[in-house]
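Everything on this sheet refers to the single structure shown next.
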Amino acid sequence: MSIPSRRFMAALLVFGAWGLAAVRTASAAPDRTLDTAGLVFEFLGRTLAWEGEETPSRMTGPALAVRQDIRVDDGLAFSLSAGLALSGFDELVFRGLPISLEYGSGTMPGLVFGAGVRSRFLRIGGVGIGGVGRLTAVYGLAKKWPLEGFAVPGDSVGRLSWAEASVGPYLSYDRSGKFVPTLEISARWLWARLRMDQDLGDLSGTESKKVAADPAAAVSVEGEYRLSGSAALRVRGGVLLRGGATDIEAAAGFHYRF
Amino acid sequence: MIRPASKPFRAALAAAALLALALGPSDESWAQARRRVDPAPLKKKQAARIEKRAPGTAGPKAPGRLLVRFKEEVPPDTAAGLLQAFRFRDVREIAPLGIFAVKTPESVSVEEALAVLSRNPDVARAGPDRRVRLCATPNDPYFVRFQYNLSNRGGTLDISGNIRIEMTAGADIKAGPAWDETRGDPAVVIAVLDSGVDMTHVELAGKVVSTGRDFANDDFDATDDNSHGTHVAGIAAADTDNGQGIAGVAWDAAILPVKVVEADGTGLYSWVIEGIVWAADEGARVINLSLGGDEPDDFLEDACRYAFEKGVVVIAAAGNENASVLYPAAYDRYVLAVAATDAKDRRAPFSNFGPEIDAAAPGIYILGPCPQWYAGEGYLPYLFVSGTSQATAHVSGLAALVLGVKPWLTPAEIMNIIRYTADDVNKAEKPGRDNELGYGRINMERALVPYVLR
Chain X
1 MSIPSRRFMA
11 ALLVFGAWGL
21 AAVRTASAAP
31 DRTLDTAGLV
41 FEFLGRTLAW
51 EGEETPSRMT
61 GPALAVRQDI
71 RVDDGLAFSL
81 SAGLALSGFD
91 ELVFRGLPIS
101 LEYGSGTMPG
111 LVFGAGVRSR
121 FLRIGGVGIG
131 GVGRLTAVYG
141 LAKKWPLEGF
151 AVPGDSVGRL
161 SWAEASVGPY
171 LSYDRSGKFV
181 PTLEISARWL
191 WARLRMDQDL
201 GDLSGTESKK
211 VAADPAAAVS
221 VEGEYRLSGS
231 AALRVRGGVL
241 LRGGATDIEA
251 AAGFHYRF
Chain Z
1001 MIRPASKPFR
1011 AALAAAALLA
1021 LALGPSDESW
1031 AQARRRVDPA
1041 PLKKKQAARI
1051 EKRAPGTAGP
1061 KAPGRLLVRF
1071 KEEVPPDTAA
1081 GLLQAFRFRD
1091 VREIAPLGIF
1101 AVKTPESVSV
1111 EEALAVLSRN
1121 PDVARAGPDR
1131 RVRLCATPND
1141 PYFVRFQYNL
1151 SNRGGTLDIS
1161 GNIRIEMTAG
1171 ADIKAGPAWD
1181 ETRGDPAVVI
1191 AVLDSGVDMT
1201 HVELAGKVVS
1211 TGRDFANDDF
1221 DATDDNSHGT
1231 HVAGIAAADT
1241 DNGQGIAGVA
1251 WDAAILPVKV
1261 VEADGTGLYS
1271 WVIEGIVWAA
1281 DEGARVINLS
1291 LGGDEPDDFL
1301 EDACRYAFEK
1311 GVVVIAAAGN
1321 ENASVLYPAA
1331 YDRYVLAVAA
1341 TDAKDRRAPF
1351 SNFGPEIDAA
1361 APGIYILGPC
1371 PQWYAGEGYL
1381 PYLFVSGTSQ
1391 ATAHVSGLAA
1401 LVLGVKPWLT
1411 PAEIMNIIRY
1421 TADDVNKAEK
1431 PGRDNELGYG
1441 RINMERALVP
1451 YVLR
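Chains as they are written, first to last, in the numbering used here: chain X, 1 to 258; chain Z, 1001 to 1454.
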């Protein structure tokens, strides 16, 4: 894997270890419990600038993941998630390969891992103020395209990995106990690496394109609707501002409280 | 390879045990393939061609550019202000049509900008700006009418005199789409090891990097005294889109003239060896060898290896005797051997064959430049010539184009790109690589235009 990818995975491991430590702590202390488990669909549409490319691309990343929330105490919670993602982006040309390739459309599969921490700093009545941080990392799985029309058989294999980190304050309101809206403002950074390998007869080549800490600011709203004492729906929508571009994110999930 | 030399001459050459280099076929009928170009009918046809020239077709989207038209009730100042408020850049008004050409704000894609504009009630219509292309038609007047080798529209190729040949549409090297991707790089030098180059010819005067080297006369003036080298150089890299004459394969590549044969079209292996080494040392990235000899020679192979290992792509003619591949084309590891096809993508009957053949290119009635003194007074300085020499020059042009966009590739990789992207035009009879056309007739589009992953 590339150096940025190693960084992503290292960060993920740190978050993971943190989360696992929380689980262990929860097991040891009766007042710290596993909170909810859920199934979440997330969608991220994000404008990004590949290094060396003149114009930005738009990346889309729908993902389906299982998520485990771990509440350490009343104001601190961690989350871990894992699932499958289909990442795609618009036109990108690889001219560093022996036979130039144009990636026009379509998606590439990947494994998505997420980790988050949410800490409330202040509570006034039903209003909570705190901070939230998240890391989402997609480890790309290989997608193969046969190269047709050439004198010898060949193929190209693409692998897109990316990660996004976000951090920022939140404001929540929990008065009724039935519906909890949360407003979140965050700063975000996205790293991505797309590696394309080509084999055609005796020809072979590799070209990688990178995005390095592409920044954006986001405003999002999340609503948790408690269906019963143990089941809840969470819906989230947000707008990301990057330069002059406006991107969106959305998520919906069903969560069950143990 | 073409030569007006006769069989007796070849016999004399063998008897003298010279390691002579033959520049042409032994078949006299192919010597007749040379046809001078009569200026009068060309001028008439040239005018007709311009009248028929098709407009540019819509090409791919231009990155980051849009065209916007506002509703009639929106004053132009308001419209321009609105665009600036959205941070569109380089706002240019095409006033008579009420259209604004703009660049998208930084970091905003065309799609996003269009989505924003489509929601604005003042905007009547917005769409991506697009690139037009030349319809694969440089403005060189003989391109459409005579250069079937680059873009074959079918019909009949009407050459002066009583020569008319039927053509098959598409039996060409797909130059047009490739030129949309690249027209070459002046930093890429094609060394033409031949009879020299007419450095005053309008197609070549601006393309030669120096007066070259003449190993036949041991001086530094590689002026052509035969015409063969001028013809070959023009096919590979004639000055193109200059409103005159023909189009070359590699529009912007440079030419290094290296004279290794005398006026009679023959030369010594030693001159070729010196020429290869000199061209490689001078920084040529492609060496065109539209020549060959019957006998192998270790020193000649050493020279080819020297160039190959210095990163030079060496391309040589298979020969025109309908026999075994000549040397140095037969040095399979270091040299790309080129056969010839006709205007119907069939093997040219004179084209040599063998396991060393790598690829083919058009080599029948190919129009190229020649010195004015050779064409004769009252004739335009262009000739139709047939031979694997002409085919080889097409491949050299392609190699130069590939190197222009991918200068890091090795000669072996360039050779494989040319091989693997060829059209297997005789696959009905001989599927796959064969000893007549190798991997097939070269396809510039497949070699240069990005392959779309679906």
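Backbone N, C-alpha and C define an ideal beta-carbon position, used for all residues, glycine too. Since we're looking at a predicted model, the values are computed, not measured.
Continuous alpha helix (DSSP H) stretch holding H1394 of chain Z: start and end | Translated into the one-based positions of the second sequence, residue 1394 of chain Z becomes position 394. H1394 of chain Z -> alpha helix (DSSP H) spans 1388-1405.
Examine the Cβ distances between the segment 1243-1258 of chain Z and the segment 1215-1229 of chain Z and report whether three or more of them are shorter than 8 Å.
-> Yes, since at least three Cβ pairs between the segment 1243-1258 of chain Z and the segment 1215-1229 of chain Z fall closer than 8 Å, the two stretches touch.
Contact belief for A1303 of chain Z with V1277 of chain Z at Cβ below 8 Å, rounded distance in angstroms = Working through the second sequence from its first residue, we reach residue 1303 of chain Z at position 303. Working through the second sequence from its first residue, we reach residue 1277 of chain Z at position 277. Distance from A1303 of chain Z to V1277 of chain Z at the Cβ level is roughly 6 Å; contact confirmed, criterion being Cβ atoms closer than 8 Å.
For D1122 of chain Z, count neighbouring C-beta atoms within 10 Å of its own C-beta (all shown protein chains included) and say buried if the count is 16 or more, exposed if not.
-> Taking the second sequence and counting its residues from 1, one reaches residue 1122 of chain Z at position 122. Answer is exposed; the Cβ neighbour count stays below 16.
What residues are listed by DSSP as bridge partners for E184 of chain X?
-> Locating residue 184 of chain X in the first sequence gives position 184, counting from the first residue. Beta bridge pairing from DSSP links E184 of chain X with X:Y170, X:S220.
Which same chain residues, not among the five before or five after S942 of chain Z, have their C-beta less than 6 Å away from its C-beta?
-> Outside the displayed range of chain Z (1001 to 1454) lies residue 942 of chain Z, so it cannot be described from this structure.
May I have the straight-line CA-CA distance separating E54 of chain X from G168 of chain X, to the nearest angstrom?
-> On the first sequence, position 54 is the one that residue 54 of chain X refers to. On the first sequence, position 168 is the one that residue 168 of chain X refers to. Looking at the two C-alpha atoms, the distance is approximately 30 Å.
Could you tell me which residues DSSP puts in a beta bridge with G1155 of chain Z?
-> The residue labelled residue 1155 of chain Z in the question sits at position 155 within the second sequence. G1155 of chain Z is bridged to Z:M1167.
Chain-order list of residues whose beta-carbon lies under 6 Å from that of E222 of chain X (same chain, five-residue window excluded) = Position 222 of the first sequence holds residue 222 of chain X. T182, R236.
6 Å CB neighbourhood of R58 of chain X in its chain, flanking five on each side removed = As a first step, residue 58 of chain X must be located in the first sequence, where it is residue number 58. Closer than 6 Å at the Cβ level, and outside the excluded window around R58 of chain X, lie T47, D90.
Presumed contact (8 Å Cβ cut-off) between F1100 of chain Z and L1083 of chain Z, rounded CB distance | As a position in the second sequence, residue 1100 of chain Z is number 100, starting the count at 1. As a position in the second sequence, residue 1083 of chain Z is number 83, starting the count at 1. With 8 Å as the limit, F1100 of chain Z and L1083 of chain Z qualify as a contact, their Cβ atoms being about 6 Å apart.
Chain-ordered neighbours of T47 of chain X on chain Z, where CB pairs are closer than 8 Å | Looking up residue 47 of chain X in the first sequence gives position 47. Under the 8 Å cutoff, chain Z gives S1107, V1108, S1109, E1112.
Y225 of chain X classed as buried or exposed, judged by whether at least 16 other C-beta atoms fall within 10 angstroms | Start at 1 with the first residue of the first sequence, and residue 225 of chain X comes out as number 225. Classification for Y225 of chain X: exposed.
Of all the options Z:F1350, Z:A1247, Z:T1200, which has the alpha carbon lying nearest to the alpha carbon of N1139 of chain Z?
-> Stepping through the second sequence from its first residue, residue 1139 of chain Z is reached at position 139. It is Z:A1247 whose Cα lies nearest to the Cα of N1139 of chain Z.
Taking 8 Å as the CB-CB cut-off, is G131 of chain X touching chain Z?
-> For the purposes of this step, residue 131 of chain X is taken as residue 131 along the first sequence, with counting starting at 1. No, G131 of chain X lies away from the interface with chain Z (no Cβ there is under 8 Å from its Cβ).
By a C-beta neighbour count over all protein chains shown, 10 Å radius and 16 as the cutoff for buried, is V66 of chain X buried or exposed?
-> By 1-based counting over the first sequence, the position of residue 66 of chain X is 66. Counting Cβ neighbours within 10 Å, V66 of chain X comes out exposed, since fewer than 16 surround it.
At what residues does the alpha helix (DSSP H) containing D1294 of chain Z begin and finish?
-> By one-based count along the second sequence, residue 1294 of chain Z stands at place 294. Unbroken run through D1294 of chain Z: none, as it is neither H nor E.
If you draw a straight line from the C-alpha of P1349 of chain Z to the C-alpha of D1342 of chain Z, how long is it?
-> Numbered from 1 along the second sequence, position 349 holds the residue referred to as residue 1349 of chain Z. Numbered from 1 along the second sequence, position 342 holds the residue referred to as residue 1342 of chain Z. Taking the straight line from one Cα to the other gives about 9 Å.
Entirely within the segment 1074-1100 of chain Z and at least 4 residues each: give me those alpha helix (DSSP H) ranges in chain order.
-> 1076-1085
Residues of its chain near V1425 of chain Z, where Cβ-Cβ distance is below 6 Å and the 5 sequence neighbours each way are ignored | Here residue 1425 of chain Z corresponds to residue number 425 of the second sequence, with the count starting at 1. Result list for V1425 of chain Z: D1345, G1440, R1441, in chain order.
Please report how far the alpha carbon of A1262 of chain Z lies from the alpha carbon of D1224 of chain Z, in whole angstroms.
-> As a first step, residue 1262 of chain Z must be located in the second sequence, where it is residue number 262. As a first step, residue 1224 of chain Z must be located in the second sequence, where it is residue number 224. In the sequence as presented, Ala is not what sits at residue 1262 of chain Z; that position holds Glu. One Cα belongs to E1262 of chain Z, the other to D1224 of chain Z, and the distance between them is close to 9 Å.
What separation, rounded to the nearest whole angstrom, lies between the Cα atoms of A1085 of chain Z and T1078 of chain Z?
-> As a first step, residue 1085 of chain Z is located in the second sequence; it is residue number 85 there, counting from the start. As a first step, residue 1078 of chain Z is located in the second sequence; it is residue number 78 there, counting from the start. Computed Cα separation, rounded: 10 Å.
From Z:G1176, Z:D1221, Z:G1154, Z:E1181, residue whose alpha carbon lies closest to that of T1168 of chain Z | Residue 1168 of chain Z sits at position 168 when you count from the first residue of the second sequence. Here the closest residue by C-alpha is Z:G1154.
Interface partners of A1422 of chain Z on chain X, CB under 7 Å | Here residue 1422 of chain Z refers to the residue found at position 422 of the second sequence. Those within 7 Å of A1422 of chain Z in chain X are A151.
For S271 of chain X, I'd like the list of residues in its chain whose CB is within less than 6 Å of its CB, leaving aside the five on either flank, ordered along the chain.
-> This structure gives no information on residue 271 of chain X, because the portion of chain X shown stretches from 1 to 258.
Residues bridged to K210 of chain X [DSSP beta-bridge criterion] = Position 210 of the first sequence, counting from 1, holds the residue named residue 210 of chain X. DSSP, once it has assigned bridges, lists X:R193 as partnering K210 of chain X.
Run the CB neighbour count on F1299 of chain Z, radius 10 Å, all protein chains shown included, and call it buried at 16 or more, exposed below.
-> Numbered from 1 along the second sequence, position 299 holds the residue referred to as residue 1299 of chain Z. Burial call: exposed.
Starting from the C-beta of V1402 of chain Z, find all residues in its chain whose C-beta is less than 8 Å away, skip the five residues before and the five after it, and write them out in chain order.
-> As a first step, residue 1402 of chain Z must be located in the second sequence, where it is residue number 402. So the qualifying residues of the chain are L1409, I1414, I1417, I1418, A1447, L1448.
Apart from the five residues on each side of it in sequence, which residues of its chain come closer than 7 Å, Cβ to Cβ, to T1240 of chain Z?
-> In the second sequence, residue 1240 of chain Z corresponds to position 240, counting from 1. The beta carbon of T1240 of chain Z sits closer than 7 Å to the beta carbons of P1138, D1140, A1247, G1248, W1251 from its chain, once the five residues preceding and following it are set aside; these are given in chain order.
Mind the definition here: the segment 92-102 of chain X touches the segment 198-215 of chain X only if three or more C-beta pairs lie below 8 Å; say whether that holds.
-> yes
If you measure from the beta carbon of P1450 of chain Z to each beta carbon in chain X, is any gap under 8 Å?
-> As a working note, residue 1450 of chain Z is residue 450 in the second sequence. Yes - at least one Cβ of chain X is within 8 Å of the one on P1450 of chain Z.
Cβ-based burial, R1213 of chain Z [other Cβ within 10 Å; buried from 16] | Here residue 1213 of chain Z refers to the residue found at position 213 of the second sequence. Buried, since its Cβ has 16 or more Cβ neighbours within 10 Å.
Skipping 5 residues on each side, what residues in its chain have a beta carbon closer than 8 Å to that of G1311 of chain Z?
-> Numbered from 1 along the second sequence, position 311 holds the residue referred to as residue 1311 of chain Z. Closer than 8 Å at Cβ, skipping near neighbours: R1285, T1410, P1411.
For I124 of chain X, which residues does DSSP report across the bridge?
-> The count along the first sequence starts at 1 and reaches residue 124 of chain X at position 124. According to DSSP, which records beta bridges pairwise, I124 of chain X is partnered with X:V127.
M1199 of chain Z - DSSP class collapsed to helix/strand/coil = Sequence index remark: in the second sequence, residue 1199 of chain Z carries index 199 (1-based). In the structure shown, M1199 of chain Z sits in coil (DSSP, three-state: anything other than H, G, I, E or B).
With a threshold of 16 other CB atoms inside 10 Å of the CB of D1281 of chain Z, please say whether the residue is buried or exposed.
-> In the second sequence, the residue the question calls residue 1281 of chain Z occupies position 281. Classification of D1281 of chain Z: exposed, given that the 10 Å Cβ count is below 16.
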